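In the working numbering, the protein residues as written are 1 to 100. Built from N, CA and C at the ideal position, the CB exists for glycine as well. Since this is a predicted model, take the numbers as computed values, not measurements.
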Amino acid sequence: MIEMRTAKINRSPVAGAKIGDQYFPETLATIAITKKGLVVGRNLGSLNGRNVTAAKVKGLTKLEDALEARIEFCTSEARALGVAEGMTGKEALMKLQGSR
1 MIEMRTAKIN RSPVAGAKIG DQYFPETLAT IAITKKGLVV GRNLGSLNGR NVTAAKVKGL
61 TKLEDALEAR IEFCTSEARA LGVAEGMTGK EALMKLQGSR
């Protein structure tokens, strides 16, 4: 499920996205995007206690960026699958898919 909405804050546009799956509500991510940055409604650190597998990278504008970016943080669940800080997003995705 992807839900997109727009709003205005101080007469400036804000784009919002809620991304998730009804079968996996613990992985829901909410993002508010503005001209100068974004606010993410999910702290990856808080996902450790929820047994969610996740990794964080910076500077994404498209999916291809996620493949080249270096992992900055990952949950203990991701670490258990072989994901580690410093590896590329592509390497992490391969680990999360069970490849290599």
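Unbroken beta strand (DSSP E) run spanning Glu3, endpoints
Membership of Glu3 in the beta strand (DSSP E) is indicated by the continuous run Ile2 to Ile9.
7 Å CB neighbourhood of Thr75 in its chain, flanking five on each side removed
Closer than 7 Å at Cβ, skipping near neighbours: Leu44, Leu47, Asn48, Val52, Thr53 and Ala54.
Using only CA atoms, which one of Met87, Met1 and Asp65 lies nearest to Ile71?
Relative to Ile71, the option among Met87, Met1 and Asp65 whose CA is nearest is Met87.
Any heavy atom of the ligand MG closer than 8 Å to the Cβ of Ser76?
Absence of the ligand MG from the depicted structure is noted, as is the absence of any ligand whatsoever, leaving it without description.
First and last residue of the alpha helix (DSSP H) that includes Glu78?
Residue identity check: residue 78 is Ala in the sequence provided, not Glu. Annotation: the continuous alpha helix (DSSP H) that includes Ala78 extends over Ser76 to Ala80.
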